[in-house]
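Let me begin by presenting the structure, written as structure tokens, before commenting on it.
Number of protein chains: 2
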Amino acid sequence: MELWLISLLAGLTSIAFAVYLFFYIDRQESGSAKMREVSAAIRDGAIAFLKREYYTLTAFVAVMALILAIFLNPNTALAYVFGSICSALAGLLGMDVALKANVKTANAAKKGLVKAFLTAFYGGAVMGLSVVGLALTGISILYYIYGDPNIILGFSLGASSLALFAKAGGGIYTKTADIGADLVGKVEFGIPEDDPRNPAVIADNVGDNVGDVAGTGADLFDSYVASTVSAMILGSSLERTAIQYEVYTVLPILLAAVGIFASILGTLFVRVKEGGDPGVALNRGTFSTCLMFVFFSYLLIHFLNVDLGVFYATTAGLVVGVLVGITTDYFTSINRGPVKKTAEAAKMGAALNILSGFSYGVISIAPTVIGICIATLMAWYFAGLYGISMSAVGMLSITGMIVSSDAYGPIVDNAKGIAEQSDLEPHVIKIGDKLDAAGNTTKAISKGFAIGAAALTVLALFASYSEIAEIEAVGLSLMRPDVMIGVFIGAAMPPLLSAMLILSVGRNAYRIVEEVRRQFREIPGLLQGRSKPDYVQCVDIATKGALRELSLPCALSVITPLTVGFLLGKYALGGFLVGSIVTGMIFAVFMATAGGQWDNAKKFIEEGAIGGKGSDVHKAAVIGDTVGDPFKDTAGPSLNTLICVMSLTASVFVPLILEYSLLKWSI
Amino acid sequence: MELWLISLLAGLTSIAFAVYLFFYIDRQESGSAKMREVSAAIRDGAIAFLKREYYTLTAFVAVMALILAIFLNPNTALAYVFGSICSALAGLLGMDVALKANVKTANAAKKGLVKAFLTAFYGGAVMGLSVVGLALTGISILYYIYGDPNIILGFSLGASSLALFAKAGGGIYTKTADIGADLVGKVEFGIPEDDPRNPAVIADNVGDNVGDVAGTGADLFDSYVASTVSAMILGSSLERTAIQYEVYTVLPILLAAVGIFASILGTLFVRVKEGGDPGVALNRGTFSTCLMFVFFSYLLIHFLNVDLGVFYATTAGLVVGVLVGITTDYFTSINRGPVKKTAEAAKMGAALNILSGFSYGVISIAPTVIGICIATLMAWYFAGLYGISMSAVGMLSITGMIVSSDAYGPIVDNAKGIAEQSDLEPHVIKIGDKLDAAGNTTKAISKGFAIGAAALTVLALFASYSEIAEIEAVGLSLMRPDVMIGVFIGAAMPPLLSAMLILSVGRNAYRIVEEVRRQFREIPGLLQGRSKPDYVQCVDIATKGALRELSLPCALSVITPLTVGFLLGKYALGGFLVGSIVTGMIFAVFMATAGGQWDNAKKFIEEGAIGGKGSDVHKAAVIGDTVGDPFKDTAGPSLNTLICVMSLTASVFVPLILEYSLLKWSI
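Set out below in structure tokens:
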């Protein structure tokens, strides 16, 4: 039987369902002219951003594909291009529907919570289902054509390249616009946030969609593909050694298929009553997806006569993923100790607020580290190296549901903004608030989930790298100087890259500041609201700047592993990957949480605690929030992708490194 | 021939020379009554701090010694107590002389630069020479008695325990007092910095001595002993395998002896002419010490008929140590790009100032990482694992000179303060400024040096751990889940411990704030300067709080490696040590540099740039500076010691772990 057909079927079903929901959203009404106008401005800005981004991206992908074709093989190059196209398609579809769903959600809110919630959630589900659908379809087709998971690594690298632009580029863009808009608008001219007179306001709104919808989608597309591919590679090596029915290679995509069916069924559980809690509905969706996945995956593994250890490994990954998501949420939740203490610290000034958020951010790495350790230990105990990669597959099986809930966030956030700017009635805005609050919680959980998933994924990638590079256990001994040096250099990369991204935001924000000042100076009557600012110019400057700033960190994440590999050899490169995984996870978690801490401490004060809005305590908290912006929305989330790119680059280029590395260490 | 006698002789010579300089300082005049009064207040506070600290310490040491005696052996326990006493003695002597030298330097400045400079430098040299003298004497005696470097590990652990209290405890204390004094004094009551009406002002002055003099001394005492001991352990294992004249074990202490003689001779090169640059004089001392060490160590190694590879390894360590010190200085130097950019960023508010300092701080890890990698690679190439430990010995050979120059810093800083508070003439204060400026540069360089030295030292400790634990190369493979988990947990420790220390500073500062407020409220006429504040109470609260806050991080740095070892076994513990070394170095460098960045950016603005003192830009920079205080003076410098304690705990307790660990992995 052709088992891979099941996964192709699952992929296509997912895409079909996404398209169905797309048209469902499209049929909904968009409300008044004023609402459509606000929505159209955001839409134009987002399209301007995407156009320029995809333009640069095409050049990047073309060059990389050429390099792959010349130095490795044309098939990997083809798979690479295919991977970047699939991820781009998912991003486009998701963004497009999100930009429609926001105004339609706002309009539906006039009729009540139920309709509005479903519009927003189905909007998010289009993204979630196209991500997993396109990813699994792509992998299945390539597996059918080549039958060799190593070629599919190219597909994964393509997806990672796209994620790099969407996540890191989008991350620079969104914080650039945010900080730039605030610095001149609020501080210099004293006009309120989101004021239409501010030339950077549309760039700011666009940023939320670009960073959160397209970025997170591309990030999880990336992890999803990478974990699946590395499990296939380790599976195919198992098959070479064991005389066994050929199923280990195809099992990862079968479990992914099970995950997709569970996610589609899970969306049916996402229902809310009038006056109910949308957060509970979203959680119900996630948990029912988890349960269904565990049940069906047990049946599948049992039916295929695979060792049950694999099932335990998969389940361990899934359970740990959810637990990490929930515990990370504790540190950023507005009702819990850490955020309240950080808010309290603002009483003694901005410095102590910042120190508190920083410290709790760092402390929050503990649950993730412990979770990853437990998952690794259990997975290895039950099914060896293959088990570790399968636990990543298990964790990422619910990606469809996670992305759906996550993309829901910015849709309702935008819907709320549109409702406010279009002066809708108070009860409509109240519904918007309720939808938005649920979005913030799921966003926090899915951030923790994404980091945990990325950590397990890169561990799996590291395992498959050792497999491809034919590394003996003793070769990666920490008692070897080359491995130790590799670990040191690798560990330095994530902090260095995040520092570069943060400096990028500062530089790019300065460009926006200059432009906004210029417009206020040169456009007569702008401050008085008598003429319109040139929104497009701001979007354009932010976009161009973001892409320019991206080039150095991008290049480094490809060049450094190659340099280490070609100079110091494959063992050093193995150490390099481990080093980058360890600090990558630490910095990703710390930056995400610290940013969330400061953000919510500010919100806590804005809700009236410790002096409330406008007080000195609030001003101190605003400084902390601004420090946190590039932490949580630029550097932190980009690290997942950067580490993934480094790992994939190592795995893809390892045949060349084996042949041409300068130092060839004897064992 | 009894070679160890040479090192005993060197140690005793060093102590004798330190005592000679001590009496030289003691003979100098202390100036007017006013000057003596200010000096006496600082002295009383420092003695109050030391008394309480040593009181707690004694209890801690007693308990640890009991544990060591019962579970391991009485000899290790004795060596442990001996180590803590030697380090404490060096600290006491150094602090005592520093507290005398400050006022005498201020007084000597009346007569000109030459005399003042020498008074301060000789004051520092007492600390420098007693540190290396007591350390080497202690090691030599133990080596004579037991002939077994493993027993000397206990001595090293004793020194580390003391360093923990001096460095981390002192670090919490000093920033507590600093932030506490500023928050109420400057912010709430608007009185200037260092104003005698502020009840916390003496605590603040005491803090500088406690953290910088005693702390850095204990820190380098710790690294010095640890690197020497681990080189001896690896040397003795070399002797067991090679049939060779027994010299590898004793060579580290012989080279240390050479380093001491070079340092003593080096002090003779530290001379300045009237109107000359004291910074140049200090550098001349350091470089001549380096050159003499290289020359004499070559002669020694040649004469002993040891492979020249060992000489190259030692020299590589020394060269890298100096280079790391210098390059790190670039990132914190007030005249260079990074600090200026961070100062510029303050124009856009405190948040961007903080982001800039943070980013450059992180980027500054690059030279240290590259330096350590080069030193490791060269040392290993020339002399294997033994070479790595010998490169640490080479780097630390100039410790005597480094500590001397470093302790000079707080002496002249205090001298300047005393001169200002005693209203000395402007030309005297100008000399104080000049001396102080030189002190700041050497401080930055020696901080970089201390971190580099600590990193190489813990690498050497890791190597000796593998030796003692009889770990086969394959046992530490990164492809083993236990090793990988060890790396993860180990890597999480330094960030976690630094976050705890930072939170400690916040909590303890709050206690000081309460006390200062209470005194202003309850002591009539205090704000008007009609009555005196209760300085001792503030010192006492800061001290008690600091020691209380210290207990959790202290306990964790002992308990975590033991837990990992007893639960997951010796291989996981090996991974744990590597993980902690890697992130320990990264966080130590990043925190030291970021703190230096913010500090100097503020100073740059205070010198009149970008708006100058009192402007909004300056206010923003002050916030950055306050964030940096616990980074650079508490958490950052404590990490060296904490990692050292973890490594030594692992090595000392490994015989028990081998026997009783829960998981016993097969290879």
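Quick note, the sequences are listed as chains A and B, same order.
The first sequence begins at 761 in my numbering and counts up by one.
The second sequence begins at 761 in my numbering and counts up by one.
All C-beta atoms, glycine included, are put in the ideal place defined by N, C-alpha and C.
So with CB distances below 7 Å, who are the chain A contacts of residue i?
{"i": "B:L1112", "result": "G1266"}
{"i": "B:T1136", "result": "P1241, M1244, I1245"}
{"i": "B:V1387", "result": "A1111, I1114, L1115"}
{"i": "B:S996", "result": "Per Cβ cutoff of 7 Å: no residues; B:S996 is ~18 Å from chain A at best."}
{"i": "B:S890", "result": "Here the premise fails: no neighbours, minimum Cβ distance about 34 Å."}
{"i": "B:V1129", "result": "F1248, I1249, A1252"}
So, helix, strand or coil for residue i, using DSSP?
{"i": "B:S1226", "result": "helix"}
{"i": "A:S1124", "result": "coil"}
{"i": "A:S1237", "result": "strand"}
{"i": "B:R1290", "result": "coil"}
{"i": "A:S1407", "result": "helix"}
{"i": "B:I1094", "result": "coil"}
{"i": "B:G1081", "result": "helix"}
{"i": "B:K1207", "result": "helix"}
{"i": "B:F1391", "result": "helix"}
{"i": "B:S844", "result": "helix"}
{"i": "B:F1350", "result": "helix"}
{"i": "A:L763", "result": "coil"}
{"i": "A:V1030", "result": "coil"}
{"i": "A:P1437", "result": "With chain A represented from 761 up to 1427, any question about residue 1437 of chain A goes unanswered, as that position is not in the structure."}
{"i": "A:P1255", "result": "helix"}
{"i": "A:Q788", "result": "coil"}
{"i": "B:P1284", "result": "coil"}
{"i": "A:S1375", "result": "coil"}
{"i": "A:K1424", "result": "coil"}
{"i": "A:Y1008", "result": "coil"}
{"i": "B:P834", "result": "helix"}
{"i": "A:A869", "result": "helix"}
{"i": "A:G1221", "result": "One point to set straight first is that residue 1221 of chain A is Leu, not Gly, in the sequence displayed. In this structure, A:L1221 counts as helix in the three-state DSSP scheme."}
Using a Cβ cut-off of 9 Å, pull out every chain B residue sitting near residue i, in sequence order please.
{"i": "A:V1377", "result": "Neighbours of A:V1377 on chain B: none; closest Cβ ~13 Å, over 9 Å."}
{"i": "A:L1263", "result": "K1101, L1115, S1116, S1119, Y1120, I1123"}
Would you mind giving the Cβ-Cβ distance between residue i and residue j, rounded to the nearest angstrom? I have them listed as a contact below 8 Å.
{"i": "A:P1241", "j": "B:T1136", "result": "5 Å"}
{"i": "A:T976", "j": "A:I899", "result": "Their Cβ separation, rounded to whole angstroms, is 20 Å, which puts A:T976 and A:I899 out of contact at 8 Å."}
{"i": "A:A1175", "j": "A:A869", "result": "7 Å"}
{"i": "B:Y840", "j": "B:F783", "result": "Not a contact, Cβ separation roughly 32 Å."}
{"i": "A:L924", "j": "A:V1405", "result": "6 Å"}
Interface residues of chain B around residue i at Cβ under 7 Å?
{"i": "A:T1088", "result": "Neighbours of A:T1088 on chain B: none; closest Cβ ~14 Å, over 7 Å."}
{"i": "A:M1406", "result": "Correct list: empty, because the minimum Cβ distance to chain B is about 16 Å."}
Along the alpha helix (DSSP H) that carries residue i, what are the first and last residues, could you check?
{"i": "A:D804", "result": "793 to 827"}
{"i": "A:V892", "result": "873 to 906"}
{"i": "B:D968", "result": "961 to 968"}
{"i": "A:V1172", "result": "1159 to 1181"}
{"i": "A:V1318", "result": "1295 to 1328"}
{"i": "A:D938", "result": "930 to 941"}
{"i": "B:I911", "result": "909 to 923"}
Along chain A, in chain order, which residues have C-beta atoms closer than 8 Å to that of residue i?
{"i": "B:F1350", "result": "P1255"}
{"i": "B:C1133", "result": "I1245, F1248, I1249"}
{"i": "B:G1334", "result": "L1238"}
For residue i, collect the residues of the same chain with a Cβ closer than 8 Å to its Cβ; drop the 5 residues on either side in sequence, then sort them by chain order.
{"i": "A:R1267", "result": "G1305, E1309"}
Here's a check: name, in chain order, each residue in its chain whose Cβ is nearer than 7 Å to the Cβ of residue i, leaving out the five neighbours to either side.
{"i": "B:S1057", "result": "L1015, V1018, F1071, T1074"}
Within a Cβ cutoff of 6 Å, which residues of the same chain sit near residue i, ignoring the five residues on either side of it in sequence?
{"i": "B:L1069", "result": "Reading off the sequence, residue 1069 of chain B comes out as Gly, not Leu. Answer for B:G1069: F1142, A1143, listed in chain order."}
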